[in-house]
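This report refers to the structure that appears directly beneath it.
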Amino acid sequence: LGKLAGGVAHDFNNLMASIRGNSELLLRRMDPADPRRRYSEDVVQATLRAETLTLQLLAFSRHQPFDPRPVYLACLLEGFRNLLAPLLREDVTLESSLEPGAFVVLADPNQVEQILLNLAVNARDALPDGGRIRVNAMRLHVDGAGPDPHPGVTPGDYVRLTVEDDGAGIPAEILPRIFEPFFSTKGPGEGSGLGLSVVYGIARHHGGWVDVESTLGEHTAFH
């Protein structure tokens, strides 16, 4: 499925580039007062959304460029707050905290931000009446003893990032499906259904994993 998604994404992106380029050229040749401009503008906006979908497909299929480097999480989280602020409503509060001590992880900072962004936007959507989103990080040691709930994870030291909200929660019957590509509980046009698939793909690409806990009507936390 990953190979299929990656192959489709590249061809899809080339088609979108052609559509967007020609639409922008058409707009340049049209009078600003021409009532037909809005049709070309709609096409350009659609191609921009399609490009975002392409990036999500590439991330899911692990065909997105992967550039791991030492990342200081405190700086990344601070930058993330600034990135997310315009996307939050006034009735949604963002809190972040780090366990005492310097956290340096080997990761692609752009992809870690993508994880945080996808999870935070989902958390915002789970708070229609306002509430809090909490982002934190703590140390975690995996010793490899006992049954392994995540096959393929190498024993060692990790940092666990958590995005938690005090929203509606996820129904138990839906939990087993939330990481499926294109599975979404949102209405038509409100999401691609790839957000959590991308989170899962990026975490696995980094040698990590994703856990989720949720209580209906109280909270959801992604680790």
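Take the sequence shown: its letters are residues 92 to 314, numbered as in this note's numbering.
Backbone N, C-alpha and C fix where the C-beta goes; we use that ideal spot for every residue, glycine too.
As the structure is a computational prediction, the values presented were derived from the model and not from experiment.
Taking the straight line between their C-alpha atoms, what separation do you get for residue i and residue j?
i      : j      : result
Pro161 : Asp199 : 8 angstroms
Pro123 : Phe194 : 52 angstroms
Gly221 : Thr184 : 8 angstroms
Leu168 : Glu309 : 25 angstroms
Leu118 : Thr145 : 24 angstroms
Ser275 : Leu164 : 30 angstroms
His297 : Gly284 : 22 angstroms
Ala217 : Gln136 : 26 angstroms
Leu287 : Val233 : 24 angstroms
Val134 : Val289 : 26 angstroms
Asp102 : Arg111 : 14 angstroms
Ile265 : Phe273 : 13 angstroms
Val203 : Gly243 : 20 angstroms
Phe171 : Pro219 : 22 angstroms
Gly235 : His241 : 10 angstroms
Asn173 : Leu208 : 11 angstroms
Pro262 : Thr311 : 10 angstroms
Ser305 : Thr253 : 13 angstroms
Asp256 : Asn201 : 23 angstroms
Leu157 : Val99  : Looking at the sequence itself, residue 157 is Phe, so the reference to Leu does not match. Taking the straight line joining both Cα atoms gives about 19 angstroms.
Ser114 : Met107 : 10 angstroms
From which residue to which residue does the alpha helix (DSSP H) around residue i run?
i      : result
Glu190 : Here Glu190 belongs to no alpha helix (DSSP H), and DSSP marks it neither H nor E.
Phe313 : Per DSSP, Phe313 belongs to no alpha helix (DSSP H); it is in the beta strand (DSSP E), His310 to Phe313.
Val203 : Pro200 to Asp216
Leu175 : Leu164 to Leu175
Are the beta-carbon atoms of residue i and residue j separated by less than 8 angstroms?
i      : j      : result
Ala294 : Val303 : no
Ser188 : Asn227 : yes
Leu307 : Gly260 : yes
Arg215 : Ile224 : yes
Leu175 : Phe313 : no
Arg230 : Glu190 : yes
Met121 : Ser109 : no
Leu116 : Pro159 : no
Along the beta strand (DSSP E) that carries residue i, what are the first and last residues, could you check?
i      : result
Arg223 : Gly222 to Val233
Val244 : It is not in any beta strand (DSSP E) - Val244 carries neither H nor E in the DSSP assignment.
Contact between the region 264-276 and the region 241-250 is defined here as three or more beta-carbon pairs at a separation below 8 angstroms; is this criterion met?
no
Three CB pairs or more closer than 8 angstroms across the region 132-141 and the region 171-182
no
Complete runs of the alpha helix (DSSP H) confined to the region 258-308 [at least 4 residues]:
286-296
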